[in-house]
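To get this note's numbering, take the position in the sequence shown, counting from 1, and add 1228. Beta carbons are placed, not taken as given, at the ideal position from N, Cα and C, and that holds for glycine. Quantities reported herein were computed from a predicted structural model and do not represent experimental measurements. Comments concern the structure below.
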Amino acid sequence: MSERSAAQATTAAPAGRERALAALERARRRTAALTDCLDEAGLTAQHSRLMSPLAWDLAHVGNQEDIWLLREAGGTGGVRPDLDAVYDAFRTPRADRPALPMLPPDAARAYIAEVRARALEVLAAGPPDGADSALFEGDFVFGMVAQHEQQHDETMLATHQLRRGPAVLDAPDPSAPTSRATDDRHGEVHVPAGPFTMGTSAEPWALDNERPAHTVDVPAFDLDAVPVTNGAYQRFIEDGGYRDERWWHPEGWAYVQKAELSAPLFWRRDGEMWLRRRFGYIERVPPGEPVMHVSWYEADAYARWAGRRLPTEAEWEKAARHDPRTGESRRYPWGDAEPDEGRANLGQRHLRPAPAGAYPAGAAPCGARQLIGDVWEWTSSDFTGYPGFRAFPYREYSEVFFGSDHKVLRGGSFGTDAVACRGTFRNWDLPVRRQIFAGFRTARSSGGGN
Ligand SMILES: [Fe+2]
């Protein structure tokens, strides 16, 4: 049992600089699309206390690039070190960022363009004398910066979803549902007991928390073949799920009472119908689509109501990557090839998840679908470091979040770019969070019990 090396994965990715350049440019086009559609007032307003003003994200991605590509990797003095304090995410919580002396949007655009022009010179020139060679291995630092910008783009997309006012984003819907996708019961898949390789030491742009590859023995389990749908979730609501303490984690129960929750975020009842707000439009909740905008507590309560539980992070990754024929772990459920439009709903090509049962070409060896893309999936696991974890290149990327406060999410959403999504990729958030594009699927231990 092993992990295929990136070199063996011939269909994997264009090498180094070309891939880095493409990833940086794609991220910047998306950042522009998410910010050019609003006027200055829309960019500097705070649309939710959970989020930064979009103008902050806009300059923050350039400031991180200034720090990591121009100064740390490039060995230059950077463009605007004086802005570091304003755009330091650890210094000022999101709720307080509107009070910061932020660059106005046009100045932010000019700043990030200047940083980018110089960053491309660093990329073309290669490591300067005395550079930290680990940053340049596989062009990691450029991949890290591209992923960082794409992560903020997804955060900005969530800000758009929270924003009130007329719709400004547009995208075609995913392909028409298959006949199966109109039914919200898809059954489960079986994953036999045994060890598999979790995490990675071979993927050049994997972040520190995905490393190193290590063996984990996972008992047999059954997993929902597709994410839990809106239709299935409605049955939990209609069965009084939000009013029945039996299903809830004690902290979840307290939270539901205090916040008076009775449905996913952005849903409201209209007579017999459930409606939702989605990027400025009001529409009927589609029963066949994966449920999203539920907290970990809601996902956990639904699973208990269904007589099941959330999968552990190891179970999720084994279902997504383990190939029982070879004993190896794949980069993605379908193999080692990069995601494309036929295999996963990623990259904001659509502004919603595809119906459950979509993307048969993206299925894992175990038969589970849509593990990558559509909605992030809550797991039961706390966010911790793997055995042998080493913070790189800075502790604040992930190590400072380790512990029992944060739960792991896997698989990416329709708003996640492919560069920031793979079988090993780990996201984390507080169990009360609902503004992220997160849903879940449920599991049960095979051979009795949960
Ligand atoms: Fe950031």
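Closest by C-alpha distance to Gly1616, when choosing among Pro1440, Leu1311 and Val1350:
Translated into the one-based positions of the sequence shown, residue 1616 becomes position 388. For Gly1616, the nearest C-alpha among the options comes from Pro1440.
Gly1651 and Arg1559 look like a contact to me (Cβ under 8 Å); what is the Cβ gap, rounded to whole Å?
Reading the sequence shown from its first residue, position 423 is the one you call residue 1651. Reading the sequence shown from its first residue, position 331 is the one you call residue 1559. Confirmed, Cβ separation roughly 6 Å.
For Ala1724, which option in Pro1621, Val1307, Tyr1461 and Ala1448 has the closest C-alpha, if you only look at C-alpha atoms?
Any question about residue 1724 goes unanswered here, given that the chain covers just 1229 to 1678.
Gly1270 - containing alpha helix (DSSP H), residue span
Position 42 of the sequence shown, counted from the start, is the residue given in the question as residue 1270. Per DSSP, Gly1270 belongs to the alpha helix (DSSP H) from Glu1268 to Thr1272.
Are there 16 or more other CB atoms within 10 angstroms of the CB of Ala1347, so buried, or fewer, so exposed?
Along the sequence shown, read from residue 1 onward, the residue named residue 1347 stands at position 119. Classification for Ala1347: buried.
Put Pro1423 into one of helix, strand or coil per three-state DSSP.
As a position in the sequence shown, residue 1423 is number 195, starting the count at 1. The answer is strand: DSSP assigns Pro1423 an E or B state.
For Ala1287 versus Tyr1315, is the C-beta spacing smaller than 8 Å?
To locate residue 1287, count along the sequence shown from 1; it is residue 59. To locate residue 1315, count along the sequence shown from 1; it is residue 87. Result yes, Cβ atoms of Ala1287 and Tyr1315 sit closer than 8 Å.
Short of 7 Å in beta carbon distance, which residues of its chain neighbour Glu1541, apart from the five on each side in sequence? Order them along the chain.
Position 313 of the sequence shown, counting from 1, holds the residue named residue 1541. Apart from sequence neighbours up to five positions away, the residues of its chain that approach Glu1541 with a beta-carbon distance below 7 Å are Thr1607, Ser1609, Val1636 and Arg1638, ordered along the chain.
Just reading off the beta strand (DSSP E) that His1380 is part of, what are its end residues?
The residue labelled residue 1380 in the question sits at position 152 within the sequence shown. Here His1380 belongs to no beta strand (DSSP E); instead the alpha helix (DSSP H) covers Phe1368 to Leu1390.
Would you be able to state if there are at least three C-beta pairs under 8 Å between the segment 1512 to 1532 and the segment 1462 to 1470?
yes
Answer yes or no: the CB of Ala1448 versus the heavy atoms of ligand 1, is any distance below 7 Å?
Position 220 of the sequence shown, counting from 1, holds the residue named residue 1448. For ligand 1, not one heavy atom lies less than 7 Å from the Cβ of Ala1448.
Verify whether the separation of the beta carbon atoms of Gly1290 and Val1343 is less than 8 Å.
Start at 1 with the first residue of the sequence shown, and residue 1290 comes out as number 62. Start at 1 with the first residue of the sequence shown, and residue 1343 comes out as number 115. Result yes, Cβ atoms of Gly1290 and Val1343 sit closer than 8 Å.
Got a sec: does ligand 1 put a non-hydrogen atom nearer than 7 Å to the Cβ of Ala1681?
Absent from the model: residue 1681. The displayed extent of the chain is 1229 to 1678, so no value can be given.
Report the three-state DSSP secondary structure of Thr1410 (helix, strand or coil).
Counting from 1 along the sequence shown, the entry for residue 1410 is found at position 182. Per-residue confidence for Thr1410 stands at a pLDDT of 44, beneath the threshold of 50, marking its modelled position as unreliable; the derived number appears in the next sentence. Helix at Thr1410.
Is Ala1592 near ligand 1, going by C-beta to nearest heavy atom under 7 Å?
The sequence position of residue 1592 within the sequence shown is 364, counting from 1. No, the Cβ of Ala1592 stays beyond 7 Å of every heavy atom of ligand 1.
Contact between the segment 1416 to 1434 and the segment 1444 to 1460 is defined here as three or more beta-carbon pairs at a separation below 8 Å; is this criterion met?
yes
Distance, Cα to Cα, Gln1379 vs Ile1600?
Here the question's residue 1379 lines up with position 151 in the sequence shown. Here the question's residue 1600 lines up with position 372 in the sequence shown. Those two C-alpha atoms are separated by around 16 Å.
Supposed close pair His1275, Thr1383 - CB separation, criterion 8 Å
If you number the sequence shown from 1, residue 1275 lands on position 47. If you number the sequence shown from 1, residue 1383 lands on position 155. Going by Cβ atoms, the distance from His1275 to Thr1383 rounds to 12 Å, so no, they are not a contact pair.
If you measure from the CB of Ala1386, is any heavy atom of ligand 1 nearer than 7 Å?
The residue labelled residue 1386 in the question sits at position 158 within the sequence shown. Every heavy atom of ligand 1 is 7 Å or more from the Cβ of Ala1386, so no.
Would Ala1261 be called buried (16 or more neighbouring beta carbons within 10 Å of its own) or exposed?
Counted from its first residue, the sequence shown places residue 1261 at position 33. Exposed.
Among Val1513, Arg1618, Gly1508 and Phe1642, which residue has its Cα nearest to the Cα of Arg1571?
Within the sequence shown, the letter at position 343 stands for residue 1571. Ranked by Cα distance from Arg1571, the options Val1513, Arg1618, Gly1508 and Phe1642 are led by Phe1642.
By alpha-carbon positions, which one of Pro1355, Asp1633, Met1520 and Ile1340 ends up nearest to Gln1663?
Counting from one through the sequence shown, the residue named residue 1663 turns up at place 435. Residue Met1520 holds the alpha-carbon nearest to the alpha-carbon of Gln1663 among Pro1355, Asp1633, Met1520 and Ile1340.
Thinking C-beta only, is Asp1381 closer than 8 Å to Ser1626?
For the purposes of this step, residue 1626 is taken as the residue at position 398 of the sequence shown. For the purposes of this step, residue 1381 is taken as the residue at position 153 of the sequence shown. It is not a contact, given that the beta carbons lie outside the stated cut-off.
Buried or exposed for Glu1246, going by 16 or more other Cβ atoms inside 10 Å?
Mapped onto the sequence shown, residue 1246 falls at position 18. Under this definition Glu1246 is an exposed residue.
Contact the segment 1297 to 1313 vs the segment 1363 to 1370: 3+ CB pairs below 8 Å:
yes
Using only the alpha-carbon positions, how far apart do His1550 and Arg1505 sit?
By one-based count along the sequence shown, residue 1550 stands at place 322. By one-based count along the sequence shown, residue 1505 stands at place 277. Roughly 38 Å between the two C-alpha positions.
Taking only three categories from DSSP, how would you classify Glu1431?
Counted from its first residue, the sequence shown places residue 1431 at position 203. Correct three-state label for Glu1431: coil.
Cut-off 7 Å between Cβ atoms - residues of its own chain near Pro1588, not counting five sequence neighbours on either side
Here the question's residue 1588 lines up with position 360 in the sequence shown. Excluding its 5 nearest sequence neighbours in each direction, Pro1588 has C-beta neighbours in its own chain below 7 Å: Arg1597, listed in chain order.
By DSSP's criteria, Asn1573 is part of a beta bridge. Which residues make up the other side?
Here residue 1573 refers to the residue found at position 345 when the sequence shown is read from its first residue. Answer is Gly1601.
What are the start and end residues of the alpha helix (DSSP H) that includes Ile1340?
Here residue 1340 refers to the residue found at position 112 when the sequence shown is read from its first residue. Ile1340 -> alpha helix (DSSP H) spans Pro1333 to Ala1353.
Among the candidates Glu1438, Pro1326, Val1350 and Ala1374, whose CA atom is the shortest distance from the CA of Glu1619?
To locate residue 1619, count along the sequence shown from 1; it is residue 391. Looking at the sequence provided, one finds Ala at residue 1619 rather than Glu. If we check each option's Cα against that of Ala1619, Glu1438 comes out closest.
Taking 7 Å as the limit between beta carbons, can you name the residues of its chain near Arg1391, skipping five residues before and five after?
Counting from one through the sequence shown, the residue named residue 1391 turns up at place 163. Answer for Arg1391: His1275, listed in chain order.
Are the CB atoms of Ala1646 and Glu1566 within a distance shorter than 8 Å?
Looking up residue 1566 in the sequence shown gives position 338. Looking up residue 1646 in the sequence shown gives position 418. Contact flag set, yes.
Going by DSSP, which residues form a beta bridge with Trp1606?
Within the sequence shown, numbered from 1, the residue matching residue 1606 stands at position 378. Its beta-bridge partners are Leu1637.
Terminal residues of the continuous alpha helix (DSSP H) containing His1288?
Counted from its first residue, the sequence shown places residue 1288 at position 60. First-last of the alpha helix (DSSP H) with His1288: Leu1282 to Glu1293.
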